[in-house]
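Residue numbering for the sequence shown is 83 to 307, as defined by the working numbering.
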Amino acid sequence: MRIVLLGPPGAGKGTQAIMLADKKGFLHLSTGDILRENVKNGTFIGKKAKAFMDNGELVPDDIVIEMMLDTIKNARSQEDFILDGFPRTVYQANNLDRELNKLKLPIDMVVYFKTSIKTVILRLTGRRLCSRCGASYHITNMPPKKQGVCDKCGSELYQRKDDSEETIKKRLEVYDSQTKELIDYYKTQGILKEVSGDLEAPKVYSELSEILNTCEADDRNKVRK
Ligand code: AP5
Ligand code: MG
83 MRIVLLGPPG
93 AGKGTQAIML
103 ADKKGFLHLS
113 TGDILRENVK
123 NGTFIGKKAK
133 AFMDNGELVP
143 DDIVIEMMLD
153 TIKNARSQED
163 FILDGFPRTV
173 YQANNLDREL
183 NKLKLPIDMV
193 VYFKTSIKTV
203 ILRLTGRRLC
213 SRCGASYHIT
223 NMPPKKQGVC
233 DKCGSELYQR
243 KDDSEETIKK
253 RLEVYDSQTK
263 ELIDYYKTQG
273 ILKEVSGDLE
283 APKVYSELSE
293 ILNTCEADDR
303 NKVRK
């Protein structure tokens, strides 16, 4: 099953994608993580993307589309994956649809994380990440056992550069002007589902699991018919 997670910055897309990958074996492809890895390694893509990311703007479509389509084509599984943070513009979505249709592996489901502005600001300003293994925490919602230290590998936690209040504001504006229209794009295709992004992470996960189970059951029924 191919799933797209859609929603504003801080809606919990990454958190839920990691849970789905752990519990159901999906491959998790996060555009933001792949771009940050490129920035860290000083690649050609990383050098082009850095300033846009630091300013909370979208990296130009052509760079991201090529990077993500290559990632999908080279992935260990092209049948079951979660796209987290891609597509983010209608142009990206059109390109993704075209390429996946060629492979006869279209997107099955898009999950929209309906989340309030108040929630996303609180989540992003409090997010901390492990500098080594990338595990994600929140200073109050999901705190590590020891402040500033990763539970999993003991390394230091840091705050993402684009999680400053000013850049968060910019990212939310960009979401409103360039990404939000994807809700209608996928609604028109009849594959949009919705979860309540404001809920606690385990509750969001149970909504997500229920949607997945229903879709899998529908698929089985289609095969039987
Ligand atoms: P990206 O890394 O994708 O950032 P984003 O969309 O802004 O989303 P976030 O990762 O900030 O939030 P999330 O929804 O994953 O939330 P999380 O689970 O971490 O992109 C970064 C940049 O890369 C972009 O600005 C752009 O420049 C570029 N880029 C990426 N994709 C692009 C594309 N397609 N085109 C062009 N440019 C692109 O949760 C947030 C916090 O809340 C965490 O601390 C977590 O612990 C906590 N939390 C999560 N869920 C809950 C919950 N249910 N209850 C309580 N706390 C929770
Ligand atoms: Mg994320």
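Even glycine gets a Cβ: it sits at the ideal position worked out from N, Cα and C.
Please read these numbers as outputs of a predicted model, since none were measured by experiment.
Taking all protein chains shown into account, do 16 or more other C-beta atoms lie within 10 angstroms of the C-beta of Phe-108, making it buried, or fewer, making it exposed? Numbered from its first residue, the sequence shown carries residue 108 at position 26. Phe-108 comes out buried.
Measuring CA to CA, which of Asp-245, Met-224 and Arg-170 is closest to Glu-263? To locate residue 263, count along the sequence shown from 1; it is residue 181. Measuring from the Cα of Glu-263, the nearest candidate turns out to be Arg-170.
So, for Glu-247: in the same chain, excluding its five sequence neighbours on each side, which residues have a beta-carbon less than 7 Å away from its beta-carbon? For the purposes of this step, residue 247 is identified with residue 165 of the sequence shown, where counting begins at 1. Result list for Glu-247: Thr-207, in chain order.
Determine the direct distance from the alpha carbon of Lys-184 to that of Gly-216, and round the result to whole angstroms. Locating residue 216 in the sequence shown gives position 134, where the first residue counts as 1. Locating residue 184 in the sequence shown gives position 102, where the first residue counts as 1. Their Cα atoms are separated by approximately 34 Å.
Kindly confirm or deny that the stretch 96-115 and the stretch 259-274 touch, where touching means at least three C-beta pairs closer than 8 Å. no
Give the secondary structure of Glu-276 by DSSP, where H, G and I count as helix, E and B as strand, and everything else as coil. The count along the sequence shown starts at 1 and reaches residue 276 at position 194. Here Glu-276 sits in strand by DSSP.
Would you list, in sequence order, the uninterrupted beta strand (DSSP E) runs of no fewer than 3 residues that lie entirely inside the stretch 128-200? 163-166 and 191-196
So what's Met-72 in DSSP terms, helix, strand or just coil? Only positions 83 to 307 of the chain appear in the structure, and residue 72 is not among them; the question remains open.
Backbone CA spacing between Tyr-219 and Ala-175 [nearest angstrom]: Taking the first residue of the sequence shown as 1, we reach residue 219 at position 137. Taking the first residue of the sequence shown as 1, we reach residue 175 at position 93. If I take the Cα positions, the gap works out to 30 Å.
Proximity of Ile-147 and Asn-177 at Cβ, strictly below 7 Å: Taking the sequence shown and counting its residues from 1, one reaches residue 147 at position 65. Taking the sequence shown and counting its residues from 1, one reaches residue 177 at position 95. Yes, Cβ-Cβ distance for Ile-147 and Asn-177 is below 7 Å.
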